[in-house]
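When you read off a place in the sequence shown, starting at 1, and then add 22, the result is the number in my numbering.
Report on one structure; see the data block that follows.
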Amino acid sequence: MKLSKFYYAILFFLISCNQDNDRFAIVIHGGAGTILKKNMSDEMEKEYKIKLEEALNIGHSILRENGKSIDAVEAVIKFLEDSELFNAGKGSVLSNNEEVEMDASIMRGDNLNAGAISGVKQIKNPIKLARKVMEESDHVFLSGLGAEKFALSKGFELISNENLITEKRLKSLKNIKKRDSIIDNKFGTVGCVAVDKNGNITSGTSTGGMTNKKWNRIGDVPIIGAGTYANNETCGISSTGWGEFFIRNVVAYDISAQIEYNKISIKNAAKNTLEKVKKLGGSGGVIGIDKDLNIIMEFNTEGMYRGFKKYNGETEIKIYK
Ligand code: ASP
Numbered sequence: 023m024k025l026s027k028f029y030y031a032i033l034f035f036l037i038s039c040n041q042d043n044d045r046f047a048i049v050i051h052g053g054a055g056t057i058l059k060k061n062m063s064d065e066m067e068k069e070y071k072i073k074l075e076e077a078l079n080i081g082h083s084i085l086r087e088n089g090k091s092i093d094a095v096e097a098v099i100k101f102l103e104d105s106e107l108f109n110a111g112k113g114s115v116l117s118n119n120e121e122v123e124m125d126a127s128i129m130r131g132d133n134l135n136a137g138a139i140s141g142v143k144q145i146k147n148p149i150k151l152a153r154k155v156m157e158e159s160d161h162v163f164l165s166g167l168g169a170e171k172f173a174l175s176k177g178f179e180l181i182s183n184e185n186l187i188t189e190k191r192l193k194s195l196k197n198i199k200k201r202d203s204i205i206d207n208k209f210g211t212v213g214c215v216a217v218d219k220n221g222n223i224t225s226g227t228s229t230g231g232m233t234n235k236k237w238n239r240i241g242d243v244p245i246i247g248a249g250t251y252a253n254n255e256t257c258g259i260s261s262t263g264w265g266e267f268f269i270r271n272v273v274a275y276d277i278s279a280q281i282e283y284n285k286i287s288i289k290n291a292a293k294n295t296l297e298k299v300k301k302l303g304g305s306g307g308v309i310g311i312d313k314d315l316n317i318i319m320e321f322n323t324e325g326m327y328r329g330f331k332k333y334n335g336e337t338e339i340k341i342y343k
């Protein structure tokens, strides 16, 4: 009798271990900013929510089928880049000379390997190129024409910039040019953080940057530590917001460093960092997951397109504060 109790205890232990290993999660953002309910039609709101849900489901099913977080993040960001709703891939905001110039980065938390590209104009899915840089070059960060030459050498197709331009973005460029600004207070960058069943964290971010940007301006998105960071020992983070402030505060790494050195929660770390951004006059948000699967979606703007889905089906999709 005693022996069978012992076996049951072992069995229970093994089952709970197994359940632990089955844990995974995914979180996404589609940009933060002055996103107010009063400025959004019901149809638009529905459209955004559907896209976010589809994106989450793509990542969730890869992770559920024992896929790697790097594959989930790449697939989800590719999907969001292909949607014209967001400021990434097709539908990216336009630079001062009416071109799309895209930045992207990806980082894995198991070996701290990373890849990034900036200022590419002829790549359909910048996140795929960022991953290629990470996996098939000796470098972390390639820019402009060089990045496109590398893409060609790896079998990527170069597409015409016009294929990435949408009417909606042309209109916003015209409006913002009247004000001679790059601040439109809406950041539609996309980002994704995933943890797979092996506990590997990957983060990725992709963007067209800021409307009316000039002089090959580069934002935070392709800068490892600012727009994207991942470390299995701490967390994965993807940022969105006014890039200059996110670079100056090294936002994504700052959150990870607080967890590493100060042993505080990811939520408090993110709040502290966003407070620093705000103090300097910046705005935006971050998404992240820590190594214990705690999820954050923090922002200091009116809204942020965002959502998460966990191994147990728990899901949240939200837009406003
Ligand atoms: N962070 C991006 C940039 O500054 C903009 C965004 O988040 O939409 O390029």
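Cβ atoms here follow ideal geometry from the backbone N, Cα and C, with glycine treated the same way.
Pull up the DSSP beta-bridge partners for residue i, would you.
| i | result |
| --- | --- |
| Met-319 | Ile-309 |
| Asp-104 | Looking at the DSSP assignment, Asp-104 forms no beta bridge with any residue, so it has no partner. |
| Ser-261 | Val-308 |
| Asp-125 | Thr-229 |
| Ile-223 | Val-217 |
| Val-49 | Val-215, Phe-330 |
| Glu-338 | Phe-330 |
| Arg-270 | Arg-270 is not bridged to any residue. |
| Tyr-70 | Answer is none; Tyr-70 lacks a bridge partner. |
| Val-142 | Met-124 |
| Tyr-251 | Ile-259 |
| Gly-325 | Gly-55, Tyr-342 |
For residue i and residue j, I'd like the C-alpha separation in whole angstroms.
| i | j | result |
| --- | --- | --- |
| Ser-298 | Val-308 | The question names Ser, but residue 298 is Lys in the sequence shown. Computed Cα separation, rounded: 13 Å. |
| Gly-79 | Ala-152 | It should be noted that the sequence gives Asn, not Gly, for residue 79. Whole-angstrom Cα-Cα distance: 23 Å. |
| Tyr-342 | Gly-231 | 22 Å |
| Ser-165 | Thr-227 | 16 Å |
| Thr-56 | Met-62 | 11 Å |
| Asn-40 | Lys-285 | At Asn-40 the pLDDT is 49, less than 50, meaning the model places this residue with poor confidence; the figure from the coordinates comes in the next sentence. C-alpha separation (whole angstroms): 27 Å. |
| Val-107 | Ala-173 | It should be pointed out that residue 107 corresponds to Leu in this sequence rather than to Val. Cα-Cα distance, rounded: 25 Å. |
| Lys-100 | Lys-27 | 51 Å |
| Lys-112 | Glu-266 | 23 Å |
| Gly-335 | Ile-48 | 11 Å |
| Ile-149 | Glu-96 | 6 Å |
| Glu-158 | Leu-58 | 42 Å |
| Ser-278 | Glu-338 | 24 Å |
| Thr-256 | His-82 | 21 Å |
| Met-23 | Glu-87 | Note that Met-23 scores a pLDDT of 48, beneath 50, so its modelled location is shaky; the value from the coordinates is reported in the next line. Near 39 Å, if we compare the C-alpha coordinates of Glu-87 and Met-23. |
Could you tell me whether the Cβ atoms of residue i and residue j are closer together than 7 Å?
| i | j | result |
| --- | --- | --- |
| Val-115 | Cys-214 | no |
| Lys-176 | Lys-154 | yes |
| Ile-128 | Gly-141 | no |
| Asn-133 | Met-156 | no |
| Thr-211 | Thr-224 | no |
| Ala-169 | Ala-94 | no |
Rounded to whole angstroms, how far is the Cβ of residue i from the Cβ of residue j, which I believe are closer than 8 Å?
| i | j | result |
| --- | --- | --- |
| Asn-253 | Gly-131 | 5 Å |
| Ala-292 | Ile-318 | 5 Å |
| Ser-305 | Asn-322 | 5 Å |
| Leu-85 | Ile-50 | Incorrect: roughly 13 Å between the Cβ atoms, too far for contact. |
Mind the definition here: the region 236–254 touches the region 330–340 only if three or more C-beta pairs lie below 8 Å; say whether that holds. In short, these stretches do not touch, since the Cβ pair count stays below three.
Given 8 Å, three or more beta-carbon pairs between the region 217–224 and the region 108–123: The region 217–224 is not in contact with the region 108–123.
Report yes or no: do the region 242–251 and the region 267–276 share at least 3 C-beta pairs separated by less than 8 Å? Three or more pairs of CB atoms, one per stretch, sit closer than 8 Å, so the region 242–251 contacts the region 267–276.
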